[in-house]
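Participant:
There are 4 protein chains.
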Amino acid sequence: MTIETTVDTNVFERRESEARSYCRSFPTAFTSARNATLTDEDGRDYIDFLAGCSTLNYGHNDPDMKAALIDFISRDGVAHGLDMFTDAKAEFLESFERLILMPRGMDHKVMFTGPTGTNAVEAAMKLARKVTGRDTIVAFTNGFHGMTLGALSATGNSGKRGGAGTSLSGVARMPFEGAFGPDADTLEQIGLMLNNPSSGLDAPAAFIVETVQGEGGLNAASREWMRGIARLAKECGALLIVDDIQAGVGRTGSFFSFDEFGIKPDMITLAKSLSGMGLPFAALLLKPELDIWKPAEHNGTFRGNNHAFVTAKVALEKFWADGEFVKQIGEKSRMLGQRLDMMRQKYLPGATVKGRGMMQGLDVGSGDLAGEICAECFKNGLIIETSGAHDEVVKVLAPLTIPMAQFREGLDILEAAIAASTTSLREAAE
Amino acid sequence: MTIETTVDTNVFERRESEARSYCRSFPTAFTSARNATLTDEDGRDYIDFLAGCSTLNYGHNDPDMKAALIDFISRDGVAHGLDMFTDAKAEFLESFERLILMPRGMDHKVMFTGPTGTNAVEAAMKLARKVTGRDTIVAFTNGFHGMTLGALSATGNSGKRGGAGTSLSGVARMPFEGAFGPDADTLEQIGLMLNNPSSGLDAPAAFIVETVQGEGGLNAASREWMRGIARLAKECGALLIVDDIQAGVGRTGSFFSFDEFGIKPDMITLAKSLSGMGLPFAALLLKPELDIWKPAEHNGTFRGNNHAFVTAKVALEKFWADGEFVKQIGEKSRMLGQRLDMMRQKYLPGATVKGRGMMQGLDVGSGDLAGEICAECFKNGLIIETSGAHDEVVKVLAPLTIPMAQFREGLDILEAAIAASTTSLREAAE
Amino acid sequence: MTIETTVDTNVFERRESEARSYCRSFPTAFTSARNATLTDEDGRDYIDFLAGCSTLNYGHNDPDMKAALIDFISRDGVAHGLDMFTDAKAEFLESFERLILMPRGMDHKVMFTGPTGTNAVEAAMKLARKVTGRDTIVAFTNGFHGMTLGALSATGNSGKRGGAGTSLSGVARMPFEGAFGPDADTLEQIGLMLNNPSSGLDAPAAFIVETVQGEGGLNAASREWMRGIARLAKECGALLIVDDIQAGVGRTGSFFSFDEFGIKPDMITLAKSLSGMGLPFAALLLKPELDIWKPAEHNGTFRGNNHAFVTAKVALEKFWADGEFVKQIGEKSRMLGQRLDMMRQKYLPGATVKGRGMMQGLDVGSGDLAGEICAECFKNGLIIETSGAHDEVVKVLAPLTIPMAQFREGLDILEAAIAASTTSLREAAE
Amino acid sequence: MTIETTVDTNVFERRESEARSYCRSFPTAFTSARNATLTDEDGRDYIDFLAGCSTLNYGHNDPDMKAALIDFISRDGVAHGLDMFTDAKAEFLESFERLILMPRGMDHKVMFTGPTGTNAVEAAMKLARKVTGRDTIVAFTNGFHGMTLGALSATGNSGKRGGAGTSLSGVARMPFEGAFGPDADTLEQIGLMLNNPSSGLDAPAAFIVETVQGEGGLNAASREWMRGIARLAKECGALLIVDDIQAGVGRTGSFFSFDEFGIKPDMITLAKSLSGMGLPFAALLLKPELDIWKPAEHNGTFRGNNHAFVTAKVALEKFWADGEFVKQIGEKSRMLGQRLDMMRQKYLPGATVKGRGMMQGLDVGSGDLAGEICAECFKNGLIIETSGAHDEVVKVLAPLTIPMAQFREGLDILEAAIAASTTSLREAAE
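Protein chains in written order, with our numbering: chain A, 1066 to 1495; chain B, 1066 to 1495; chain C, 1066 to 1495; chain D, 1066 to 1495.
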């Protein structure tokens, strides 16, 4: 196997399903990656502002994770053991308990669902229904929770929902903060629905909510709103599930996206950056009193991905043993916010800076414009994508570990692309 | 990290959800594994007749897969790239096309769903509904297809289904071959249901069927029955989905479990042993005319697990380039069948040998007895599990690569356990 | 209002929905009716072998019912009082208790659902789910239970089901007696499904079954089979609902169609002939221990149709106070069976006499032939319809009160139509 | 049968299901009724401000309807003829076309569904899904549409919904006008949901809406809001179904409750007062281009209730041939509104007058108080009920034909009851 060989991309045309997507925006074959840099078969480097949609918060191929994983493989560590006890699982759990749960006073238990976010969401929805004996899950406008049938019913995107080909039931949809404009108090409205016995909203089993809606357009809930949702859930006997799959693991500035909110969700879903190195890994955190699962009542072949346990443990020990990483994320987040705001002022006064922490972007008001900006970026060596209901938000999801200089370089490319796209717009208008 | 340290198994009690299961049958912590041998923290070796429920058809830690994976990691290969093009994906697809699809004249396309079997099943069910505009999927008694809501609705097991906490709809259940006893012609009955416009069975979008029901008790469909199902599906305009997640990738003697049946399923789900080394990886094969997916209409963060592409390619090149592996599986399968039949004759004349190929077992008529046999095996260094609606089948799922001598050794342990358990039964009865 | 005026049937074309149906088979406008005779606007008389699909078991416009109703209207009896107490309701209940329930030792309570059969079925399905906490209702191939969404989900007919435009869930379909041919033991098969925890059949809330499937083709369950269903239901903790809407109220020879079967259904739905005079009226009988309804938890504006109470009371007092009516039905039933069998032997040796009591017909093997026979009958002054999945059964549903001579006259017309239709068939074949 | 006999009300306790409800509020047995007066077995008269929940808009036992019905029965008119053509049906259709549809330029066709409101709603929901190929029906907070499974899913009341015992799917709930307070623009919010492709609101098949929510608390939509809903429906390709079962047939001042709104609903459901005399009768009006029903695709045994056709025709000819009736309703409506407002000012300044036309009431802020007022009324010879999510609205639904003097007398009783109840409240507070 010689990696120098040109990659046969025709095989994708011939044999990969039309469901493929990102490869359409970034039509080249990548052969290596390190931290925030992706390199294609022709040796061209790209700055990665997509980061696997927040799966690569620690960048590509962190050297310590690589070393630990190679060591584990070399010594014939148990790669796959269903959910049997292994040293790797024990060590991950021990680190997670010591570095994440205990400092926060969280007594949650960890459920290793199948290694995908959607599977963790399915487990959470099942458990909420089982615990409460209720059917309805409240989900929010613009929420994204996954593509299997249960999670999809909670997902807002009509394109994704339309793929189901069958009724998506058991979910009631409520407005996220700001969904009805700045003046509408969505908390009050949800409260009115819950407290009106003829509202048609059945008493819910749970609320499932993202603190920052990554796919939905970087809508960031305020501390007050999230606390309100937690209160409403409690008042009506529903559980609070925070889906922290995209916003968690440091993306907004702390391990959990709600660390500063003073709430204790009943369940938390984690996936994406949990393994640290981009390996499939998901988990559901649940309060111990909810742990009424019978053995294997929810299971899955790959629920014990030991390679991921190994790298996840390294990630925890390396980045979360002290406050240094949080400080660095904070600095980068501030810089990011300032740069985006400057771009806005300079080129797109009608645009909005959205999001929180290292999960910010620019709502440019049009999917076409956002797409043009991203395409221009790619030409200039930057990988960046859109989000939002109309793909109208240019979304910066750089690795949290990106060196400051490279981060600035990427933002320069972005600014130039915005400048070019808006100039061409203005010229077209004239 | 020193692996000699005793594993802190208390952390599992403290922090792992009660949903955990296999670790209850095999209460020790495993630290390494090679081919058919698992080793625990005390250095004790176990023969693995579970093989990750058929995820480890090539055994643990195949040296060639290890080498290729370590090489890939070392050279900073792209571990995670969403569904972007990578050299690893291209090379897997090229090998899969050349070694698996082309020799069989299959023009199927490959969809990389999320890396779990249940996700591939969900994608297949979605696509069947989308293509046909119909809602109902026909699934079979004792079928097992996964735990997310869509796949769960097709799964028969009441314990798993009960976990859903909501209605599981969109599936009509039909009897698998033999489900109504040897005399009932279930094909004829299904035909009567399909052709009676007042039967209450709506015209189905698809049939989803395993050729050997792994979790359901090693019920093996005959060639004739599978051809009948294919014919019924065609006649009523439904698609045929073969769920080959457990029975595929060599387990029954050839790559696909239906290779000898002369059928061309419209869709085939693969997972478990597809990566070769136990890494999360799943795929849906679909006929090209069905590939009406819009980009990202079904997606998932981990649909491009490049580590798995690397090992899967090695597996294909090493084991499926010629007929040698098939020949070896055949020899082991025959030996397995003979040994199980001898055990039956000697100790349990009322028992039945079930299954096909390297997916055979002994229906001992009682979950208690089967459980006792497996527990006795574990004491003597053999990992083996039950399956079936009442856990009444002792199921042998050894790696296909297990050395003959070790295979015999494992079967000796099994035979001794059966002897001991049935002796104690007889003594108790006297 | 002068009834002699020619009826403006153009108004139906202009303004009545295409959903209309029987008027297509019998394209004339009827202006009066008495017992088994319908008279059209041109003064032509028709013998009525349809009897409102068993709604007119006592014939049209029974003089005693008429008199009582006119008296009630004349004295300003309460026509509509929601579910308030009225003298008419009390008197109906008292007669029903004394003449129907007490002689059979039935302690059932009477629930006045909305005045349609489908509403009684909906109430029964709701209550079964509420009482058992289970979701699934077992219904049978070729069953017909109504057209509102709940009842429709239990109905087998694909044309009716297809009208729903949404998923019909919560019902598992099992084979009725004989559905898989004479040799298949459907009771055993249903038992196997219920007792196999991996069959995919969730523990049911109830079985809903007709003893004779009127719309489904006059399939008559045997005493043994119905007792078997009752036993299976009991064993699995499900309720037994007998839908006696078409087969009850004397149609099969006794008040309930299951009177001779030695079973005590948990719930019984009644409608059609319950009012005696064809007025909208339905009821659900339920064992008192099941009567956990909260006030108005199921309600409906017309649940107290007092006109129907009045005529229903007359019907009970006139026909069910002694055994005379049962005797007469028995005689007519025997005659009907003999005549049908003679027709079969003479003209259609491949046909089958189906049904029970005054609910018998001839399965002529083809919907086209059956339709031709019915059309021929109509030309000759007999109103008769088909039933069955393929409309292949010519169904005799004469009023139970039809005079013997007129009954014979109608059967003569039927026989002549069969003779004509089969002759033309034979000639066409030659 | 002597009606002087005391009614055996024990039989209700013994034999009528606990689902009974109004009889609990009005625990006496009624034996006759005329226009707005109900008389019980002891000869006591009650003024009827309930009017069968708007089923008796023309009062009890209108003499012309009585006469026509008695004539029809006497001459052996066809009481029950499934959906065959009869003179009675033709005459009803002709009158309805001439007096109702043509003056409004409505080309709607008439579908005779089963004779209950819920059945008409089920037919409308089915047809909307069938026509559009979409699943979701938008229904509104506090809406009430019926109790069969399809209609129930559109009904808001949690007590009613809870009776289903299964998932109620296929309906998305939106806020009715005012549901989120006077300042929230619910039209704008619904528009935001419809136009946001990630809102999670699937493109709807239809909106189903009452112009005045009778059960929901007399919430009256404004002309502007209803026009907005009609516009939103059109924009998103959804049908507009106005459920005029309670508010139609003159209740709000004109035949249809939306006559003054300048909208042309695609479908309109009618029931309750349609027959004129309280007999079961319902119909669905549908635009001719929607009439894609196949024959009998939706059917029902009692869809041709000829007694109801007879009285309904009389009602149309007597009350809707000129503008007199509308004028009288207008006068009574104004008087009603003034009296309610005076009661409010005098006794309950915090209360609100709600509703429209002869469908108005007083929201007294508490179900307990409203119940107390109604109980006090009953003691003094007035039958009146509450509505609203908390039963907090005292609802005046007098026959539209009530003589002015009797109307005033009834309102006097109501005022006295309010005075008494609020006095006792004040005294209790002091």
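Beta carbons are placed, not taken as given, at the ideal position from N, Cα and C, and that holds for glycine.
Considering only their Cβ atoms, is the gap separating A:Leu1158 from B:Arg1089 smaller than 8 Å?
Facilitator: No, these two residues do not count as a Cβ contact at 8 Å.
Participant: Against chain D, does A:Phe1272 count as a neighbour if the rule is that its beta carbon must be under 8 Å from one of theirs?
Facilitator: Closer than 8 Å: no.
Participant: Tell me the start and end of each unbroken beta strand (DSSP E) in the segment 1108-1189 of chain D that is at least 3 residues and wholly inside, in chain order.
Facilitator: DSSP runs (the beta strand (DSSP E)) wholly in the segment 1108-1189 of chain D: 1110-1113 and 1174-1176.
Participant: For chain B, is any of its Cβ atoms less than 8 Å away from the one on C:Gly1142?
Facilitator: No, because no Cβ of chain B sits closer than 8 Å to the Cβ of C:Gly1142.
Participant: From C:Ile1467, C:Lys1131 and C:Lys1419, pick the residue whose C-alpha is nearest to that of C:Gly1279; which is it?
Facilitator: Comparing Cα positions, the closest option is C:Lys1419.
Participant: Which same chain residues, not among the five before or five after D:Thr1071, have their C-beta less than 8 Å away from its C-beta?
Facilitator: So the list reads Glu1106, once near-sequence residues are dropped.
Participant: According to DSSP, simplified to helix, strand and coil, what is D:Asn1260?
Facilitator: Correct three-state label for D:Asn1260: helix.
Participant: May I have the straight-line CA-CA distance separating B:Glu1441 from B:Ile1449, to the nearest angstrom?
Facilitator: Between B:Glu1441 and B:Ile1449, the C-alpha separation is close to 10 Å.
Participant: Residues in its own chain within less than 6 Å of C:His1455 by CB, not counting five upstream and five downstream?
Facilitator: Excluding sequence neighbours, C:His1455 sits near Gly1432.
Participant: With a 10 Å radius around its C-beta and 16 neighbouring C-beta atoms as the bar for buried, classify C:Lys1378 as buried or exposed.
Facilitator: Burial call: buried.
Participant: For D:Ala1295 and D:Pro1330, what's the separation of their Cα atoms in angstroms?
Facilitator: Straight-line Cα distance between these residues: approximately 8 Å.
Participant: Return the residues of the segment 1405-1419 of chain A that lie within a Cβ-Cβ distance of less than 9 Å from chain B, sorted by chain order.
Facilitator: Listed by position, the residues of the segment 1405-1419 of chain A near chain B (Cβ gap below 9 Å) amount to none.
Participant: Here's a check: name, in chain order, each residue in its chain whose Cβ is nearer than 7 Å to the Cβ of C:Ala1484, leaving out the five neighbours to either side.
Facilitator: If we look at C:Ala1484 and ignore the five residues flanking it on each side, its Cβ neighbours are Tyr1412.
Participant: I'd like to know whether the C-beta atoms of A:Lys1444 and A:Thr1120 end up nearer to each other than 8 Å.
Facilitator: No; because the gap between Cβ atoms is not below 8 Å, this pair is not in contact.
Participant: Which residue spans inside the segment 1355-1441 of chain D form an unbroken alpha helix (DSSP H) run of at least 4?
Facilitator: DSSP runs (the alpha helix (DSSP H)) wholly in the segment 1355-1441 of chain D: 1371-1384 and 1389-1412.
Participant: Looking at the secondary structure, which residues open and close the beta strand (DSSP E) in which C:Arg1099 lies?
Facilitator: Element bounds for C:Arg1099: Phe1095 to Arg1099.
Participant: Quick one: measure Cβ to Cβ for A:Phe1209 and A:Met1239, integer angstroms, because I've assumed they're closer than 8 Å.
Facilitator: Going by Cβ atoms, the distance from A:Phe1209 to A:Met1239 rounds to 15 Å, so no, they are not a contact pair.
Participant: Which first and last residues belong to the alpha helix (DSSP H) in which D:Val1076 is found?
Facilitator: Asn1075 to Arg1080 is the span of the alpha helix (DSSP H), which, as asked, contains D:Val1076.
Participant: Does chain B have any CB closer than 8 Å to the CB of A:Ile1068?
Facilitator: At A:Ile1068 the pLDDT is 43, less than 50, meaning the model places this residue with poor confidence and gives no usable figure here.
Participant: Roughly how many angstroms lie between the CA atoms of D:Leu1115 and D:Met1149, to the nearest whole one?
Facilitator: Cα-Cα distance, rounded: 35 Å.
Participant: Can you give me the start and stop residues for the beta strand (DSSP E) that D:Thr1334 sits inside?
Facilitator: Note, D:Thr1334: beta strand (DSSP E), Met1332 to Leu1335.
Participant: Taking the alpha-carbon positions, what's the A:Met1171 to A:Ala1347 distance?
Facilitator: Computed Cα separation, rounded: 18 Å.
Participant: Please give the ranges of any beta strand (DSSP E) in the segment 1250-1320 of chain C, keeping only runs that are unbroken, at least 3 residues long and fully inside the region.
Facilitator: Correct list: 1271-1274 and 1304-1308.
Participant: Looking at the structure shown, is B:Asp1248 part of a helix, part of a strand, or coil, going by DSSP?
Facilitator: Correct three-state label for B:Asp1248: coil.
Participant: Taking a contact to mean a Cβ-Cβ separation below 8 Å, would you say A:Met1190 touches A:Gly1215 in this structure?
Facilitator: Contact: yes.
Participant: Is any beta-carbon of chain A found at less than 8 Å from that of D:Asn1284?
Facilitator: No, no contact with chain A.
Participant: Name, please, each residue of chain C whose Cβ falls closer than 8 Å to the Cβ of D:Ser1452.
Facilitator: Going along chain C, no residue has its Cβ under 8 Å from D:Ser1452, so there is no contact; the nearest lies around 12 Å.
Participant: Can you tell me the Cα-Cα spacing of A:Ile1068 and A:Thr1096, whole angstroms?
Facilitator: Any reading at A:Ile1068 is ruled out, since the residue's pLDDT is 43, under 50, leaving its predicted position unreliable.
Participant: Between which residues of its own chain and D:Leu1500 is the CB-CB distance below 7 Å, once the five residues before and five after are set aside?
Facilitator: Outside the displayed range of chain D (1066 to 1495) lies residue 1500 of chain D, so it cannot be described from this structure.
Participant: Give me the residue from C:Gly1315, C:Arg1226 and C:Lys1174 with the minimum Cα distance to C:Leu1381.
Facilitator: Nearest of C:Gly1315, C:Arg1226 and C:Lys1174 to C:Leu1381, Cα basis: C:Gly1315.
Participant: Assuming D:Arg1089 is part of the alpha helix (DSSP H), what are its boundary residues?
Facilitator: Start and end: Tyr1087 to Ser1090.
Participant: Buried or exposed for C:Arg1368, please, with buried defined as at least 16 other CB atoms from any protein chain shown within 10 angstroms of its CB.
Facilitator: C:Arg1368 comes out buried.
Participant: Kindly say whether B:Trp1358, judged by its beta-carbon, lies nearer than 8 Å to any beta-carbon of chain A.
Facilitator: So yes, B:Trp1358 belongs to the interface.
Participant: Under a three-way DSSP split, which group does A:Glu1083 fall into?
Facilitator: A:Glu1083: coil per DSSP, three-state reduction.
Participant: Would you mind stating whether D:His1173 and D:Leu1462 have Cβ atoms separated by less than 8 Å?
Facilitator: Against a cut-off of 8 Å, the Cβ pair of D:Leu1462 and D:His1173 comes out as no contact.
Participant: Of the residues A:Asn1122, A:Ala1094 and A:Ala1144, which one's Cα is nearest the Cα of B:Gly1117?
Facilitator: When only C-alpha atoms are compared, the closest one is A:Ala1144.
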